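A short write-up of the structure that comes next.
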Amino acid sequence: MRPRWPRRVFAEVLLVQLLIITGVAGLAAGLFLAPLAAQLDDQAERRALAIAQATAAQPGIAHSLLAGPPSPDGPVQTDAERIRLATGASYVVVVDTRGIRYSHTVPGRIGQRVSTDPGRALGGQEWTGIGRGTLGRSARGKVPLRDGEGAIVGAVSVGIAYDNVHALLLRAVPGILMYAGAALGVGALAALAVSRRLRKRTHGIELTEISALLGEREAMLHGIREGVVALDRHGRVRLLNDAAARLLGIGQDAIGHPLDRVLPPGRTTDVLAGRVTGTDLLTVRDGRVLVVNRRDTAAGGTVATLRDRTELEQLRRELDGTRGLTDALRAQDHEHANRLHTIVGLLELGMYEEAADFVAEVTGAHRATAEQVTERVRDPLVSALLVGKSAVAAERGVALRVSPATRLPDRVVDPRDLVTVLGNLVDNALDATAGAAAAAPTGAQGVPRDAPFVEVELRAVGETLVVRVADNGPGVPAAVRELVFTDGWSTKETVPHRRRGLGLSLVRRLAERYGGSVRAGERDGGGAVFTVELPEALRLPAHSAAHPAHSARSKG
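Rendered as structure tokens:
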């Protein structure tokens, strides 16, 4: 059966690592043995040369060579054999200038010419090398033999059996292989540890599965409508799907760059970078209302999701306006019903003059209230809201009045935003004052408390709109003046199928959208006052809008 290549990532990586480690260990052993063999050859040659030099330095060798013919029992053979046995050389051969042996390991070859050319040694040069002679392959060294006056009278050739050098090399191989095996074992253990860690990281999936997962991931990220932005631990953009690129107005070239470099300073950048914490954070980017949620990753980075809530926010504002109009109509209907009942009663009693006076009084009061509001508030949508809230307040026993300092020109950039802000603040103030009036109709020691009222002030300071809503209710304790703007925080009882704690949170978000602020404080004389500043919520007059120094800042 053919062996099967492992399909799991960790198993394949382990096998590849073992193959690489084995190959590297074998290569290292071979690279070590190759110079070792050359080194042993060089050592053998140097040893042979040193023995030859020591032999040639013997003073009696040259004298005995010149004293008589070669002989197996001659003094040259005797000295050469003594040196060979003492040094462990394979042979020590002394020749004259004609190449005739005066000594040899085999005595019968004395008096014969040597098998290798001694010309270089007879020429006065020393020589080393590996060669083959009558005694086999050996490491050789040859030096000239000189007499007492320095004249060359022969040569000395010494050989070290090459089998001895080869044996040294073979004896070194087990040690080298042992070290290579130890290195291989350590490498295998390290590879196994890496493989186990990789197995945990990859959850035992296959390479084909990784490719499929990556494809599915890309399809999912770029197919969903929600934006997804991934940042590494250094705040650089690692991932950006198509929806996020569209919502943030940046391209794929932002990947790899710090978030603060690809996005301008502002709330959107602070929310994505984590400098603003929380869930369902509202931010505005290029006119789009985005809801952002962040989650930290195990690697130290973060993943942020973005949902486009622009259309939903517009619908919510329209719903708020519609609800306010409905409440106003309901209150007016209730008020008109009471008045009609009064008029019918007066007519049935025959009190015609009183009925006429009552109708004139009611009509005049309503007309005076509407005229007072429209005179100071020029925007029709905002003035309609105040007139409607006046009717609701009157039904609840609260007086809604417009501050004499109110002056709102018809230059509101987006009246719907102002209606949302003002409507939520007035509703909260009405709830506080009406509830306090019902719970405590008299003040301390039975003294009647002041009639409950809510006062609205709208002022224009250049392009900035200042909204101020005050009441004489119980007020807001200093400890919770920041908590009241938290999404979901409320002191009112929970109503089924209705979420509390959204009004003031929405007011703060709209204020921040304009780059402004909202704060809660204490009214002089008791009660609460909420002040909202909306920079650039007003258009400049026509004669100032064309001024070259004027520049409109986009919301967000």
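Counting from 5, one number per residue, gives the positions in the sequence shown under our numbering. Think of the CB as a built atom: it goes at the ideal place given N, C-alpha and C, for glycine as much as any other residue. Since we're looking at a predicted model, the values are computed, not measured.
Note on Thr-437: 16 or more other CB atoms within 10 angstroms of its CB, so buried under the neighbour-count rule. Here Pro-148 is bridged, per DSSP, to Ala-159. When secondary structure is reduced to three states using DSSP, Ile-87 falls in the helix class. Inter-segment contact for the segment 72–88 and the segment 181–194 is absent: fewer than three beta-carbon pairs are separated by less than 8 Å. Contact fails between the segment 273–280 and the segment 253–260, because fewer than three Cβ pairs, one in each stretch, are under 8 Å apart. 7 Å or more divides the Cβ of Leu-149 from the Cβ of Val-162. The residues Ser-107, in chain order, have a CB closer than 6 Å to that of Gln-81 in the same chain once the five nearest residues on each side in sequence are set aside. With a contact defined as Cβ atoms closer than 8 Å, Gly-133 and Val-118 miss out at about 15 Å.
Taken through DSSP and simplified to helix, strand or coil, Arg-124 comes out as helix.
In this structure, Ala-58 lies away from Val-147, with their beta-carbon atoms at least 7 Å apart.
Taking a 10 Å sphere around the C-beta of Thr-283, we find fewer than 16 other C-beta atoms and assign the residue as exposed. By the Cβ test, the segment 510–517 is not in contact with the segment 382–395, since fewer than three Cβ pairs between them sit closer than 8 Å.
As the crow flies, the alpha-carbon of Gly-128 is around 24 Å from that of Ser-94. Separation of the CB atoms of Arg-237 and Gly-304 is rounded to 3 Å, and the pair is thereby assigned contact status at 8 Å. For the pair Val-471 and Leu-434, the CB atoms are not nearer than the 7 Å cut-off. In terms of Cβ geometry, Gly-231 and Pro-262 do not form a close pair [threshold 7 Å]. Annotation for Ser-521: the continuous beta strand (DSSP E) segment containing it runs 521–526. If you draw a straight line from the Cα of Ser-521 to the Cα of Thr-301, it comes to about 33 Å. Cα atoms of Val-307 and Val-233: separation of roughly 6 Å, rounded to the nearest angstrom.
DSSP places Asn-297 within a strand segment (E or B) once states are collapsed to three. Residue pairing for Val-465: DSSP places it in a beta bridge opposite Thr-468. Residue nearest to Pro-73 within the set Asp-100, Gln-47, Gln-376 is Asp-100 (criterion: CA-CA distance).
Partner residues in the beta bridge of Val-533, as assigned by DSSP, are Ala-474, Gly-525.
Ranked by Cα distance from Ile-228, the first of Ala-249, Val-241, Pro-413 is Ala-249.
Around the CB of Pro-122, 16 or more other CB atoms lie within 10 Å, so the residue is classed as buried. Note on Ala-409: under 16 other CB atoms within 10 angstroms of its CB, so exposed under the neighbour-count rule. Under a 10 Å Cβ-count criterion, Val-480 is classified as buried, with 16 or more other Cβ atoms of the shown protein chains found around its own Cβ. Between Glu-540 and Glu-486, the C-beta gap is not smaller than 7 Å, which leaves the two residues out of contact.
The residue among Val-266, Leu-514, Val-363 with its C-alpha nearest the C-alpha of Leu-294 is Leu-514. Val-266 sits in a helix when the DSSP states are folded into three classes. Of the residues His-67, Arg-201, Gly-27, Tyr-356, the one whose Cα lies closest to the Cα of Asp-151 is His-67. The C-beta distance from Leu-542 to Val-417 rounds to 7 Å, short enough to fall under 8 Å. Listed as beta-bridge partners of Tyr-106 by DSSP are no residues whatsoever. Judged by DSSP secondary structure, Arg-311 falls within the beta strand (DSSP E) whose first and last residues are 306–312.
Relative to the Cα of Val-160, the nearest Cα in the group Leu-69, Ala-60, Gln-116 belongs to Ala-60. Counting along the chain, the unbroken beta strand (DSSP E) around Gly-231 starts and ends at 231–235.
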